[in-house]
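According to my numbering, the residues represented by the sequence shown are 187 to 525, in order. Beta carbons: idealized from backbone N, C-alpha and C, even for Gly. Worksheet for the structure shown next.
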Amino acid sequence: MTAAVRVEHVTKRFGDLVALDDVSLEVEEGGVLGVIGYSGAGKSTLVRLMNGLEQPTTGRVLVGDAEISALPERELRRVRRDIGMIFQQFNLFRARTVAGNVAYPLRVAGVSRTERDARVARVLDFVGLLDKAHAHPEQLSGGQKQRVGIARALATSPRLLLADEATSALDPETTADVLALLKRVNRELGITIVLITHEMEAVKAVAQQVVVMEAGRIVERGSLVDVFSAPATPAAARFVRSVLHDRPTGATLDRLRSAHRGRLVTVRVADRPGFTATVSDAFAKRRLSNELVFGGISELGDRSVGALTYALDGPGAAVDEALAELRGAGIAVEEEAAG
Ligand SMILES: Nc1ncnc2c1ncn2[C@@H]1O[C@H](COP(=O)(O)OP(=O)(O)O)[C@@H](O)[C@H]1O
Ligand SMILES: [Mg+2]
Numbered sequence: 187m188t189a190a191v192r193v194e195h196v197t198k199r200f201g202d203l204v205a206l207d208d209v210s211l212e213v214e215e216g217g218v219l220g221v222i223g224y225s226g227a228g229k230s231t232l233v234r235l236m237n238g239l240e241q242p243t244t245g246r247v248l249v250g251d252a253e254i255s256a257l258p259e260r261e262l263r264r265v266r267r268d269i270g271m272i273f274q275q276f277n278l279f280r281a282r283t284v285a286g287n288v289a290y291p292l293r294v295a296g297v298s299r300t301e302r303d304a305r306v307a308r309v310l311d312f313v314g315l316l317d318k319a320h321a322h323p324e325q326l327s328g329g330q331k332q333r334v335g336i337a338r339a340l341a342t343s344p345r346l347l348l349a350d351e352a353t354s355a356l357d358p359e360t361t362a363d364v365l366a367l368l369k370r371v372n373r374e375l376g377i378t379i380v381l382i383t384h385e386m387e388a389v390k391a392v393a394q395q396v397v398v399m400e401a402g403r404i405v406e407r408g409s410l411v412d413v414f415s416a417p418a419t420p421a422a423a424r425f426v427r428s429v430l431h432d433r434p435t436g437a438t439l440d441r442l443r444s445a446h447r448g449r450l451v452t453v454r455v456a457d458r459p460g461f462t463a464t465v466s467d468a469f470a471k472r473r474l475s476n477e478l479v480f481g482g483i484s485e486l487g488d489r490s491v492g493a494l495t496y497a498l499d500g501p502g503a504a505v506d507e508a509l510a511e512l513r514g515a516g517i518a519v520e521e522e523a524a525g
């Protein structure tokens, strides 16, 4: 099976700065890959390599059968018709109408007027903006602008859609609409999507596979549920924690420590029957005072992931025993370090 995108041992330097450091990945045809990580991790550089806007310092990038990192400009233009891209700031032409924006890549590709009109109508209908064809971008809301961006990206019937922080400028409700549209783009049109984001909502709504990037490297990869329910590296755990908001940190942790007696213990949610009973039994049978003081649970696909933090008070040995019992039952337990 050919991958939709294959990145092979790519390193990208800007002068002394290593933006990507030996990155390899594959995106399955028809799949959605979420690329997550904090600002500066190298995510945008990675997508820019996928449409030939940047060239790797070393390594190769293949899109379908084309080695996009080795094509001369003229052929690059042809291959780019198979690749749509959407951006955080939408990048629409302000002087053109919605229809004019969507028609633009078709003009560049030399598509005839009749064919252009037909395709513009078809993609605007798909994104639900046929009635705005003659409006100008400034008359549209942020969500509508991004839907125009998506329509423009779809105009040339690409096989691959690259989305770089496409919902990061939108409010949560609009974000949900745009994500639902991206899901339709993938499911109904069969277009492969690479979704770059630092937002949990975006990843969990559409991605099937994820890679976590930090400082130019992929530090973790796997199915969405696996990476979020059991991050294997400290870097991924930190990211997951920050987006799930399931563990107390910083000032919150300090406040919890001063407000509660005893030890603060975080139990990772295990998605199985009897989980909460197992936890409360372990505490209750040792007569530990246990108060739930913090927690966050998110739905990912058909699973729940997250954590619950308890203030446990009682004899030290009894607390240790309870924690050992939970660990023995396969439940991950971490003690929040004393302040
Ligand atoms: N054209 C460029 N010239 C110099 N440095 C760049 C350029 N593009 C990106 N960088 C640097 O590469 C690193 C990765 O940036 P970027 O790919 O934009 O990360 P992200 O999208 O994850 O925030 C950053 O340190 C950034 O400053
Ligand atoms: Mg970026």
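Residue i: CB within 7 Å of a non-hydrogen atom of ligand 2
i	result
E351	yes
K198	no
Check: residue i C-beta below 7 Å from any heavy atom of ligand 1
i	result
T383	no
F273	no
L203	yes
G481	no
S230	yes
A422	no
G223	yes
A523	no
A339	no
G245	no
G514	no
A504	no
G408	no
G226	yes
Beta-carbon proximity list for residue i, same chain, < 8 Å, skipping 5 on both sides
i	result
D208	H195, V196, T197, G245, R403
E521	R449, L450, V451, T452, L509
I517	V453, R454, A456, F461, T464, V465
G286	F279
T392	Before going on, a small fix: residue 392 reads as Val here, not Thr. The answer, listed in chain order, is V218, G220, L365, L368, K369, N372, I379, L381.
Residues bridged to residue i [DSSP beta-bridge criterion]
i	result
S409	Q395
M271	L348
A493	R454, G482
N476	L498
L211	V193
L315	DSSP lists no partner for L315.
E520	T452
T378	L346
E400	R403
A252	V249
V204	R199
G220	L381, V396
T438	DSSP output for T438 lists no bridge partner at all.
T244	T197
Sequence-distant residues of its chain with Cβ nearer than 7 Å to residue i (five each side left out)
i	result
P242	V196, T197, K198, L235, S255
D251	T188
A355	Q274, Q275, G328
A468	A508, E511, L512
A401	A227
V581	Only positions 187 to 525 of the chain appear in this structure, which leaves residue 581 out of reach.
V429	M386
Contact test: residue i Cβ vs ligand 3 heavy atom, cutoff 7 Å
i	result
S428	Among the ligands in the structure shown, ligand 3 does not appear; only ligand 1 and ligand 2 can be found there.
Beta-carbon contacts of residue i that lie in its chain and below 6 Å, excluding the five residues immediately before and after
i	result
A289	R302, V306
E477	A497
G238	I254, L262
T353	T361, V364, A388
R267	A295, T342
V139	Any question about residue 139 goes unanswered here, given that the chain covers just 187 to 525.
CB contact below 8 Å: residue i versus chain C
i	result
L498	Among the chains in the structure shown there is no chain C, since it carries only a single protein chain.
Given 8 Å, three or more beta-carbon pairs between the region 257-275 and the region 311-326: Touching, no.
Given 8 Å, three or more beta-carbon pairs between the region 291-300 and the region 364-376: Pairwise C-beta distances place the region 291-300 out of contact with the region 364-376, as fewer than three of them are shorter than 8 Å.
At least 3 beta-carbon pairs within less than 8 Å: the region 212-222 vs the region 324-338: The way I'd put it, the region 212-222 doesn't touch the region 324-338; fewer than three beta-carbon pairs between them come closer than 8 Å.
At least three beta-carbon pairs within less than 8 Å, the region 375-393 to the region 219-231: Yes: at least three Cβ pairs fall under 8 Å.
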